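Read through the structure below, which is laid out as structure tokens, and then see the notes.
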Amino acid sequence: MSFQLTWRPEVLQNLAVQWDALDAKGRRRVLDLLDDTDHLLATAPMLEGESRASDTDRVLLRGPLLVVYQVDLRLRLVTVVGAALSGPK
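Written out as structure tokens, the structure reads:
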């Protein structure tokens, strides 16, 4: 089953600021992680990450990429509400 995946604009803006600090190798790694994360969240968001405040609030950590997202099972919608890069990039 597939889900519609959306990233809040402010989340993308925050990542863009962090992106500017990366070298070419770091940018390639982050792009690969983002592509993989998009695929995982669009196909099986409830099987990825860890639950938080409720069953539909989840956190996924992949290398230096931390993603906070919400899942609406009824609408089959995943919304990324937070993201950050940490550690070695």
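Position 1, counted from 1, in the sequence shown is what the working numbering calls 561; the numbers after and before it change by one each time, with no gaps.
Glycine included, every Cβ here is placed at the ideal spot set by N, Cα and C.
Fair warning: this is a prediction, and the values are worked out from it, not measured in the lab.
Write down the C-beta distance between residue i and residue j rounded to the nearest angstrom, noting that I regard them as a contact closer than 8 Å.
i, j, result
"Ala602", "Leu565", "5 Å"
Would DSSP call residue i helix, strand or coil?
i, result
"Ala576", "helix"
"Glu570", "helix"
"Leu582", "coil"
"Asp598", "helix"
"Thr603", "helix"
Is the beta carbon of residue i sitting closer than 8 Å to the one on residue j?
i, j, result
"Gln630", "Asp615", "no"
Just to confirm my understanding: we take residue i, look at its own chain, exclude 5 residues before and 5 after, and list those with CB closer than 6 Å. What are they?
i, result
"Gly623", "Leu593"
Rounded to the nearest angstrom, what separates residue i and residue j at their Cα positions?
i, j, result
"Asp596", "Leu635", "22 Å"
"Ser562", "Asp632", "12 Å"
Leaving out five residues on either side along the sequence, give the residues of the same chain with a beta carbon under 8 Å from the beta carbon of residue i.
i, result
"Glu608", "Leu600, Leu601, Arg618 and Leu620"
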